[in-house]
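Chains as they are written, first to last, in the working numbering: chain W, 2 to 369; chain Y, 2 to 369; chain V, 2 to 369; chain Z, 2 to 369.
Don't be surprised by glycine CBs; every beta carbon is placed ideally from N, CA and C.
I have placed the structure first, in the form of structure tokens, so that the comments after it can refer back to it.
Protein chains: 4
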Amino acid sequence: MGRAHSNAWRQAPKFFNLKANVELHTICGRDAAGVSAARAQLGWQHAATDWREVVESPLIDIVDITSPPHLHAEMAIAAVKNGKHVLCEKVFALDVKQAAAMLAAAQKAKVVHMVCHNYRRIPAIALAKRMIEEGALGRIFHFRARYAQDRLADPEFPLDWRLQKETSGSGVHSDINSHIIDLGRYLVGEFTEVLGLLNTFVPERPLASELARGHRKMGKVTVPDSAMFLGRMENGVLANLEVTRYAPGRRNQITLEINGSKGSLVFDLEDMNRLKFYNVDDPKDRQGFRDILVTQRDGVQPYVSNWWPPGHIIGYEHTFVHTVADFVNACVEGKAVQPTFEDGLKNQRVLAAVEESSNKGRWVKVAV
Amino acid sequence: MGRAHSNAWRQAPKFFNLKANVELHTICGRDAAGVSAARAQLGWQHAATDWREVVESPLIDIVDITSPPHLHAEMAIAAVKNGKHVLCEKVFALDVKQAAAMLAAAQKAKVVHMVCHNYRRIPAIALAKRMIEEGALGRIFHFRARYAQDRLADPEFPLDWRLQKETSGSGVHSDINSHIIDLGRYLVGEFTEVLGLLNTFVPERPLASELARGHRKMGKVTVPDSAMFLGRMENGVLANLEVTRYAPGRRNQITLEINGSKGSLVFDLEDMNRLKFYNVDDPKDRQGFRDILVTQRDGVQPYVSNWWPPGHIIGYEHTFVHTVADFVNACVEGKAVQPTFEDGLKNQRVLAAVEESSNKGRWVKVAV
Amino acid sequence: MGRAHSNAWRQAPKFFNLKANVELHTICGRDAAGVSAARAQLGWQHAATDWREVVESPLIDIVDITSPPHLHAEMAIAAVKNGKHVLCEKVFALDVKQAAAMLAAAQKAKVVHMVCHNYRRIPAIALAKRMIEEGALGRIFHFRARYAQDRLADPEFPLDWRLQKETSGSGVHSDINSHIIDLGRYLVGEFTEVLGLLNTFVPERPLASELARGHRKMGKVTVPDSAMFLGRMENGVLANLEVTRYAPGRRNQITLEINGSKGSLVFDLEDMNRLKFYNVDDPKDRQGFRDILVTQRDGVQPYVSNWWPPGHIIGYEHTFVHTVADFVNACVEGKAVQPTFEDGLKNQRVLAAVEESSNKGRWVKVAV
Amino acid sequence: MGRAHSNAWRQAPKFFNLKANVELHTICGRDAAGVSAARAQLGWQHAATDWREVVESPLIDIVDITSPPHLHAEMAIAAVKNGKHVLCEKVFALDVKQAAAMLAAAQKAKVVHMVCHNYRRIPAIALAKRMIEEGALGRIFHFRARYAQDRLADPEFPLDWRLQKETSGSGVHSDINSHIIDLGRYLVGEFTEVLGLLNTFVPERPLASELARGHRKMGKVTVPDSAMFLGRMENGVLANLEVTRYAPGRRNQITLEINGSKGSLVFDLEDMNRLKFYNVDDPKDRQGFRDILVTQRDGVQPYVSNWWPPGHIIGYEHTFVHTVADFVNACVEGKAVQPTFEDGLKNQRVLAAVEESSNKGRWVKVAV
């Protein structure tokens, strides 16, 4: 994440008209040698090992938090109390309580606050948002999403921090379900109630730490490694979401399908420069999903005009550049920029409701 | 269905080596004029309007039931009692009780009994089955299926018999969920417990009967028009199934994805001559989903050798021809042929469990 | 071919409203035992071994010629002289002279004559034709086609009759180039001049006849096994055509792309139920190739209404059924039905011009 | 091009282990104000308006030439004479003579010289190269390539410098045919003789310069706007190449297909993170094109390990970063790095042969 965020801070001023000069002032990490090397490699002016120094520095206006999730709340609250604008990586917080505290602190401090759900700023997703707002889908019936990866399909894949409750929160649920929950809320609307199933396929794995020492010792996986939930959203939309790391061949695939009375939209993260659109109003003899390559110029489609000519695709890290560009301009203008910490809180409530539903084996309403 | 089944009976002897001569003896329907026209058009020797005559006729060995679901039980039981081998269209029965009675009667009569889940005999599906049995996927983690159509997305689509409880059972749930439940059981194994959600998006629609008379009068939709369920299957497999008729652009799409420790399989009914296979054991630098065009000769892949050269695809109705060919040979040999009435019963139990789960809002175990 | 044609004659009356009753009167073949078995298997009333008897029989109205190409001219001319309507398989003739004689005889006899270029009646192709006629592509710039198969990629594939000049004419050139030349003429217009390259990758192969006897003896390949040509068509269209049997993974793939000022069309025979259409006039932010699944009802798209509901695909042999249906109705009405023997002649002239161009290494004009 | 190259120089040190520190010393342009703005925007230390100063500066080791093609020869020759290592954009030169002079000068100067054919360093292309070298395709039969864009399909698109001979050389032929010729030579081998057709669909267009002043005045297009050629390559490979800007919906699409006795490879630039591979040796029942997402870690696939985790795709500009990274390391080590100026010369000879063939209407051998 440090690499992707540093890249975004370096690249945003080169490709977007920012309303302020951006300086990569200080990079912060626990290990002095590591952070020093990172500073040089990633293009920062200074390095620090104490994050409190950074959030208190009068030379700094913006704090970008990419630490592990269990540190987000403390850091973000300290930063906003010091009047910094804060961009915070997801998973936003460990639980609803933390998230609420972070939001409250940011609101009280009247700073600009944003959660780094970078996938909102994939051009195809931003285009989908605009099309839905313009009514291209009519009344929406279905929101269907799946985030699938494959790295755990091998039961010998070692047990690392992501598979332990203390360090990871709720594993794959918080880690990647948060992404597609956020996309659902962004594109379609709020979840109202959910019916969830959190699951752990492989309960024990060889400990990574022991493997490093040449031993094979098993440890307990204490978080879900797969999850699914059904849900109801505002306006009667049905939701079906699934996340897994047990899907061989799916490297990092989010598939979305949204169906409405006037059309459908389909997206695949592994093919992220494209958006598929079916339009009910096309002539009956030539209806079909349009395969939109989202690389048009002249502002026709979001963000892409700032990059290359039509047909020249962009990649994963560009989504961070778009996020940073919008965030910087919002900071200068003192305007809110989605997704705010309020979105972070709302996403957290959905995660919590799914978890509760899974525990209770029945429907749970999402808190408002 | 009459057209598709008649075609299958005509075509099977032309393309498959059957162990008996097939004669299209009698077609049966309620309306004398209609059945007479159908007889001529579809290639039958005789027509009848009383199905009891047919199932009792000593000239007939096989009865193929394609009537609406609420008539299946009575007809099938009468037919097997008369010693006929029976092929019965799905939806197999209106409820578990009927299904159990049908199975019991068939077993008692020692006839060959089969449910016409024709999608089992799509060559790509039959190949998937064989690959799974051979271990190509290793331990299976996920069964994911969706049956999506689009004809109800328009709220002005009229209310017909499929949308009324008396004639349709449980609407889209029994009608098309039964297909993907059957495919899940065939390819992966039994469902053990389910968490379901049956839904009706559009509760009132213009009555078809009134529209025919030039009036617009609304009627109540009394069945689900969309449904989803999560489930657990044998051996810890997670299931996620969804059916809808509110997906514009999806004409008749079943999408399946099965993930295991050694690979994944993906299928799309609208592209039914293909099967996609990801093999974990392919060399790391050239792994990817293989797009298998299932049209190989020389018996390499199921059924297709009986048709055309490689690359020459087949269509929807061929699945019925395969069903009939296997059924006829099983009748001659007096052997069981899947899916039997026992499969019909088991499918019905899953349907019932999902319905109960939806009503109760909690997990329901599937009866054994 | 006998199987595909017999199937078409059996199926056409079942699925299309024909203006006459069709009887499968006599099937003809050289080998008495073979043709007798075929008669029973394929559903014909009578069998014959002397084709002259058939073309002279007063009981027969239509003659369908599926013999090897070198016999077409003699048979077709005899049939039309006897007043039969004739459907003749492609490759229409061995050379331009034969083709011209066949056309002249048919015109003189005032019968209905048709070449069986069945791919014209793939619904997606017929839809493409209609769209082009309606101006959906505007001014056409490019016609690009490739017919690719893979069976010769293995140099050990035996030398059979298709690889010898006496029996095959000009090999892959006449055999499959004729298909895409015909599609180009049908969809876009006449070829005016060509620049060709006929090629033989593997000049010697093991003789099939010797292999059958357990020996490995090499024989000379005397025809092209691959061919390409560039061309100019009417109205300034550029053409690029290629055929090969050296494309591993391409079982039987025709890919077409047609580009015009208003849009583009793309087709793939291995995915023959689909047509891709790009429309310049779609809104700029949502332009993309539409993936049209050509299975709509109510006559919206050609031919498919006679088969199954939307989303239920058809296969290879259906193209012959459509051909036969149109041919029968044309015979009854005494009307011309494309592609006529005149198309057969024109296709032959293009084949000849490409061959001459390849020999001379320069542009050759297509005779008119 | 300035933006893409500047980005590459900035990014290469951040993502690749370079054997030297890279400083973006001086950016050069004709217009003082423009180059000054570009300097700030693109991250250069100095700006200059006289390119001779730059190529003579003792502070500079590397010269990267992105000027219009007609200036390449003079600049490159001056730079190498001053001992600079030179990276030169394509189109390399206006003609064979220039190209030969550039190569001779570079060889004499013993500097490192490279043509910026960035598409060679698309990871999927580099992987294809490696697979071919390892024999994954066996004996190669076909090289088939098309570069298609759509910006000229509208006849009202204005006449700019790319459509005039003085400024553009041979239009679309030199501009984009050079790309796919280079890819053919890189992946498959040398062209030996060609049969070409250069074409201009729209001979007159409104002058861009006049349109800017509010007038509509037509000017003559003096270069090809579309081109095709057939060819023979080393080892009997057949080539078919086509370029056009008249293909609506094709924004910037290079499609490649290479067929050999052991397999096939397929690539599409609009989907540049993927490579499709068909392997003849896969088991017969599960053969199919593999859809390889080229994003694997651990050095398994070229270049991508330096970017993001599996499934996180890269874009157009990354190909320049790869080019610069390889070039810098070659400069430090004093080693040749493909494609050299010799490749530039060889590409130019193919372009010239196609042009001559088009003029003469017959085969032309490529000079060696």
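Whether residue i touches residue j by CB criterion (7 Å)
i, j, result
"H73(Z)", "C89(Z)", "yes"
"M273(Y)", "I123(Y)", "yes"
"I61(Y)", "H26(Y)", "yes"
"R246(V)", "L153(V)", "yes"
"P249(W)", "G172(W)", "no"
"N307(Y)", "F16(Y)", "yes"
"V322(Z)", "A80(Z)", "no"
Proximal residues to residue i (C-beta, below 6 Å), its chain only, five neighbours per side dropped
i, result
"L231(W)", "L196 and N241"
"L257(Y)", "A146 and F268"
"C29(Z)", "A49, W52 and V55"
"P340(Y)", "V116 and H118"
"A149(W)", "T245, A248, R251 and Q254"
Sequence-distant residues of its chain with Cβ nearer than 8 Å to residue i (five each side left out)
i, result
"I1(W)", "With chain W running from 2 to 369 in the structure shown, residue 1(W) is simply not present."
"Y120(V)", "I126, H180, D183, L184, I255, L270 and T320"
"V238(Z)", "I141, F142, H143, F144, V189 and G190"
"T193(V)", "G232, R233, M234, E235, K366 and V367"
"E356(Y)", "S171, H174, G197 and L199"
For residue j and residue i, the rounded distance between their alpha carbons
i, j, result
"L43(Z)", "H6(Z)", "10 Å"
"V56(Z)", "P303(Z)", "33 Å"
"P204(W)", "V222(W)", "5 Å"
"Q46(W)", "F290(W)", "49 Å"
"H118(Y)", "L270(Y)", "14 Å"
"E211(Z)", "P159(Z)", "9 Å"
"V116(Y)", "F93(Y)", "7 Å"
"A228(Z)", "V244(Z)", "5 Å"
"G139(Z)", "E157(V)", "14 Å"
"Y187(W)", "R40(Z)", "39 Å"
"K20(V)", "K218(Z)", "59 Å"
"A33(Y)", "M76(Y)", "19 Å"
Proximity test, Cβ basis, 7 Å: residue i and chain Z
i, result
"G289(Y)", "yes"
"M234(V)", "no"
"R214(V)", "no"
Short CB-CB distance (under 7 Å) between residue i and chain V
i, result
"F142(W)", "no"
"F192(W)", "no"
"M229(Z)", "yes"
"Y279(Z)", "yes"
"L160(Z)", "no"
Among the options, the one whose alpha carbon lies nearest that of residue i
i, options, result
"V36(W)", "V23(W), N22(W), E24(W) and D51(W)", "D51(W)"
"N348(W)", "L184(W), H26(W), G139(W) and G84(W)", "L184(W)"
"P207(Z)", "I177(Z), L164(Z), N178(Z) and V244(Z)", "L164(Z)"
"G84(Z)", "Q108(Z), E135(Z) and A101(Z)", "Q108(Z)"
Contacting residues, own chain, Cβ-Cβ under 7 Å from residue i (five flanking each side not counted)
i, result
"V281(W)", "K263 and G264"
"W162(Y)", "T168 and S169"
Residue i at chain W interface by Cβ criterion, 7 Å
i, result
"V243(Y)", "In the sequence on display, residue 243(Y) carries Glu and not Val. By this cut-off, E243(Y) is an interface position."
"L198(Z)", "no"
"W309(Z)", "yes"
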